[in-house]
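Since the structure comes first, as structure tokens, the remarks are kept for the end.
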Amino acid sequence: MNFQSPQSQVVLSGHGLVKHYGSVVGLAGVDVAVRSGEALAVMGPSGNGKTTLLHVLAGILTPDQGEVWLGGERVDQLNDAARTVLRRRRLGFVFQDNQLLAELPADENVALPLMVDGLSRREAIGRARTILAQVGLAAEVGRRPGELSGGQAQRVAIARALVGEPQVVFADEPTGALDAATGSQVIDLLVGAATYRGAAVVVVTHDNAVAARCHRALHIVDGRVSDAMGAVR
Ligand SMILES: Nc1ncnc2c1ncn2[C@@H]1O[C@H](COP(=O)(O)OP(=O)(O)OP(=O)(O)O)[C@@H](O)[C@H]1O
1 MNFQSPQSQV
11 VLSGHGLVKH
21 YGSVVGLAGV
31 DVAVRSGEAL
41 AVMGPSGNGK
51 TTLLHVLAGI
61 LTPDQGEVWL
71 GGERVDQLND
81 AARTVLRRRR
91 LGFVFQDNQL
101 LAELPADENV
111 ALPLMVDGLS
121 RREAIGRART
131 ILAQVGLAAE
141 VGRRPGELSG
151 GQAQRVAIAR
161 ALVGEPQVVF
171 ADEPTGALDA
181 ATGSQVIDLL
191 VGAATYRGAA
201 VVVVTHDNAV
211 AARCHRALHI
221 VDGRVSDAMG
231 AVR
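With full-length UniProt numbering, the residue at position 95 of the sequence shown is 95, and numbering never jumps.
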């Protein structure tokens with residue numbers, strides 16, 4: 001069990017979020033709040049707005065209406081350049097298909113966002129190797145993605161998401177390409193490593209087993225939060 005301290009602060013919130021794609025409704029008015037150290041599963045039927053919510057909360061999409069707040073700062077009105085910096089410095093991302101660069105070894109994949117942000121190569125690689133060791137990949141730092149198993153590659157993606165010490169880690173079906181046993185190891189690692197560092201986690205998933213590893217689940221139906229919401233453990 002991984003209970004939240006009642007003192008933990010809301011780090012990310014969305015208020016009245018509405019997003020349309022032309023005449024298609026993505027979000028029809030969603031309120032959500034996540035605390036530091038809390039893992040939230042976003043569930044619901046296909047095509048009902050889960051990924052749209054993740055993208056709006058993460059500053060990838062701007063909402064048509066509503067507000068997104070990160071750590072006491074309103075972020076939905078930032079311009080594209082500021083949102084890009086925000087994503088790199090304050091948020092982490094894990095996708096279904098790890099999105100690692102095939103030609104780079106694991107340590108360089110993890111170090112890359114730090115180097116883009118101006119850290120020296122030596123310092124960035126050092127930090128990358130430390131966090132890769134923490135996710136159980138000390139022996140694999142020099143391997144390219146094609147030389148890793150699916151579960152190992154997803155661990156590298158988790159290390160990359162965490163290396164910049166983000167306030168929130170967003171994951172979209174992070175176990176979708178893995179078998180059940182590997183998937184549960186990967187979600188445990190993601191939730192454990194992120195919340196241990198005080199980050200919040202927002203995980204879009206179809207998988208009840210993944211949601212059961214989170215503290216809470218939010219069900220999105222027709223672009224709205226369904227009443228079937230609550231603690232899942
Ligand atoms: N770029 C886009 N252009 C047009 N319509 C879109 C776009 N992205 C999403 N939609 C539509 O918005 C609605 C919500 O999509 P979204 O991807 O958020 O759903 P989802 O719940 O994440 O689905 P899934 O579980 O299948 O990934 C769907 O009707 C979808 O077709």
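The C-beta atom is built at its ideal place from N, Cα and C for all residues, glycine as well. The structure presented is a predicted model; accordingly, all values stated were derived computationally and were not measured.
- In the structure shown, residue 172 falls within a strand segment according to DSSP collapsed to helix, strand and coil.
- Assignment of residue 108 by DSSP, reduced to helix, strand and coil, places it in the helix class.
- At the C-beta level, residue 57 and residue 68 come within 7 Å of one another.
- Residues 36, 37 of the same chain have their beta carbon placed closer than 6 Å to that of residue 198, with the five preceding and five following residues left out of the count.
- For residue 62, the CB stays at least 6 Å from every heavy atom of ligand 1.
- Excluding five sequence positions before and after residue 71, the CB atoms of its chain that fall closer than 7 Å to its own CB belong to 11, 167, given in chain order.
- Taking 6 Å as the cut-off, the C-beta of residue 19 does not count as close to any heavy atom of ligand 1.
- The beta-carbon distance between residue 145 and residue 100, rounded to whole angstroms, is 4 Å. This is short enough to meet the 8 Å contact definition.
- Secondary structure of residue 33 (DSSP, three-state): strand.
- For residue 24, the CB falls within less than 6 Å of some heavy atom of ligand 1.
- Between the alpha carbons of residue 133 and residue 122 lies a gap of roughly 17 Å.
- Relative to ligand 1, the beta carbon of residue 182 is positioned no closer than 6 Å to any heavy atom.
- Within its own chain, the residues whose Cβ lies closer than 8 Å to the Cβ of residue 105, once the five positions on either side in sequence are excluded, are 141, 142, 143, 144, listed in chain order.
- The continuous stretches of beta strand (DSSP E) do not include residue 87, which lies in the alpha helix (DSSP H) extending over residues 80 to 90.
- Take the alpha-carbon of residue 33 and the one of residue 169: they are about 14 Å apart.
- Only exposed fits residue 180, as fewer than 16 other CB atoms lie within 10 angstroms of its CB.
- Here the segment 38 to 49 lies against the segment 205 to 222, with 3 or more beta-carbon pairs under 8 Å apart.
- Annotation: residue 135 to residue 117 spans about 23 Å, alpha carbon to alpha carbon.
- Taking residue 188 as the centre and dropping the five residues before and after it, the same chain places the C-beta of 213 closer than 8 Å to its C-beta, in chain order.
- In this structure, DSSP gives residue 60 a state outside helix and strand, which the three-state scheme calls coil.
- The distance from the Cβ of residue 19 to that of residue 204 is about 15 Å, inconsistent with a contact at the 8 Å cut-off.
- Residue 94 places its beta carbon 7 Å or farther from that of residue 225.
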